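Engineer:
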């Protein structure tokens, strides 16, 4: 924080009423002082603008800043508020509505749709074509590149809508697996009581042949080994969420706003690309996902492993089938057994253009 360049500082952990206690000592006699009681969400705004603090201070004493604990619910509510405000701002910024031509390519014919620039999405196009197409479309190809179903179109383009059985299976499978990991994060994020500190880390790029989708999570639990009952409860929460048939939204935002959204998670603050939302859960994801949770069929959260040499970092693993794909119990059981084995996929560099994974270890790429 900028203000720390102007003050000597100490920081100690407190309990219950306050999470952090900062003592900021003026480095010369020109500064005044006081006591400042603020919530966590306002901490950065106050400290980054010293002019907001200076009027509160009396000269020659110590500055004490008390930061109130920000609960999980407060952090989530703040993220959702910022997301909706930014979505509204972007919609308002469009101004006068301009039209674009979208050439929809289907196996049968080519149709030209007149849509609204920076407002209409591939899902809107699908609804114009037919209800059936809109229900099964998982991801769009816009001028040959993968595109989220609920992401606005910004110019004239050629559009192709892919379902989960399309021949372009690599693109579809990657988006499907990424979506499964994203939703797994939503489930884990709400699964624990508030006395357990949960920091979602990231999910590596999808590697289908690994046999499971994954999400890495920091938990302040020592060598936690979930029981069978706890694993069934996690799977039940996953099924409950996807059955809500929620759209998955993505918006492009500034780094500053993203940092504000994830102020409560120090890990996420180092990974700011695009932001995606399902229900009231918001996370970071680099790459397109399928348009709706209803496209996920049978699913299981199969295992939780503590990652070797990573203190308090746990890898949650799952397996899922696209909706409409039916397997007997024995065949699905084989997939579950494979998904229980530790998935040693590393955080890797991923090329969206050719959907290839390079085995280079980096930090937190989604």
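In our numbering, the protein residues as written are 17 to 382. Using N, Cα and C, we set each Cβ at its ideal position, and we do this for glycine too. Source: prediction; values computed, not measured.
1. What is the residue span of the alpha helix (DSSP H) that residue 197 lies within?
2. Quick one: grab the DSSP three-state call for residue 131.
3. Do residue 264 and residue 277 have their C-beta atoms within less than 9 Å of each other?
4. Based on DSSP bridge pairs, tell me the residues matched to residue 158.
5. Here's a check: name, in chain order, each residue in its chain whose Cβ is nearer than 6 Å to the Cβ of residue 20, leaving out the five neighbours to either side.
6. Would you call residue 5 buried or exposed, if buried means 16 or more other Cβ atoms sit within 10 Å of its Cβ?
7. Quick check on the DSSP output: the beta strand (DSSP E) that includes residue 232 runs from which residue to which?
8. For residue 168, which residues from the same chain have a beta carbon less than 7 Å from its beta carbon, with the 5 sequence-adjacent residues on both sides left out?
9. Please classify residue 343 as buried or exposed, where buried requires at least 16 other C-beta atoms within 10 Å of its C-beta.
10. Among 148, 97, 307, 170, which one has its Cα closest to the Cα of residue 114?
11. In or out: residue 181 buried (at least 16 other Cβ within 10 Å) or exposed?
12. For the alpha helix (DSSP H) holding residue 180, just list the boundary residues, first then last.
13. Would you mind working out which of 290, 261, 262 sits nearest residue 273, comparing C-alpha positions?
14. What span of residues does the beta strand (DSSP E) with residue 117 cover, start to end?
15. Pull up the DSSP beta-bridge partners for residue 167, would you.
16. Check for me: the beta strand (DSSP E) holding residue 251 runs from which residue to which?
17. Which term fits residue 161, buried or exposed, when burial requires 16 or more other beta carbons within 10 angstroms of its beta carbon?
18. Looking only at C-alpha atoms, which of 194, 295, 338, 307 sits nearest to residue 92?
19. Rounded to a whole number of angstroms, what is the C-alpha to C-alpha distance between residue 245 and residue 270?
20. Between 260, 128, 241, 340, which lies nearest to residue 332 when the distance is taken from Cα to Cα?
21. As a quick exercise: from 212, 129, 198, 185, pick the residue whose alpha carbon is nearest that of residue 218.
22. For residue 324, which of 314, 203, 360 has the nearest alpha-carbon?
23. Any idea what DSSP makes of residue 99, helix, strand or coil?
24. At a Cβ threshold of 9 Å, is residue 181 touching chain B?
25. Could you give the distance in angstroms between the alpha-carbon of residue 140 and the alpha-carbon of residue 328?
26. Around the Cβ of residue 346, are there at least 16 other Cβ atoms within 10 angstroms (buried) or fewer (exposed)?
27. Pairing CB atoms from the segment 178-195 with CB atoms from the segment 349-359, are three or more of them under 8 Å?
28. Can you tell me which residues form a DSSP beta bridge with residue 315?
29. Name the two residues that bound the continuous beta strand (DSSP E) containing residue 326.
30. Tell whether a beta-carbon distance below 9 Å holds between residue 206 and residue 251.
31. CB-CB under 6 Å to residue 281, same chain, minus the five flanking residues each way: which ones, in chain order?
32. If you follow the alpha helix (DSSP H) that residue 266 is part of, which residue opens it and which one closes it?
Structural biologist: Concretely, from the data shown:
1. 185-207
2. strand
3. no
4. 161, 175
5. With a pLDDT of 30 at residue 20, under the threshold of 50, the predicted position of this residue should be treated as unreliable, though the coordinate-derived value follows. Cβ within range, chain order: n/a, list empty.
6. The structure shown does not extend to residue 5, since the chain spans only 17 to 382, so no value can be given for it.
7. 229-235
8. 134, 135, 136, 137
9. exposed
10. 170
11. exposed
12. Residue 180 -> no alpha helix (DSSP H), and no H or E assigned at all.
13. 290
14. 115-121
15. For residue 167, which the question treats as bridged, DSSP gives no partner whatsoever.
16. Here residue 251 belongs to no beta strand (DSSP E); instead the alpha helix (DSSP H) covers 244-258.
17. exposed
18. 295
19. 42 Å
20. 241
21. 198
22. 360
23. helix
24. Note that chain B does not occur in the displayed structure, where there is just one protein chain.
25. 43 Å
26. exposed
27. no
28. 336
29. Counting along the chain, residue 326 falls outside any beta strand (DSSP E), and DSSP gives it neither H nor E.
30. no
31. 215
32. Premise fails: residue 266 lies in the beta strand (DSSP E), 264-267, not in any alpha helix (DSSP H).
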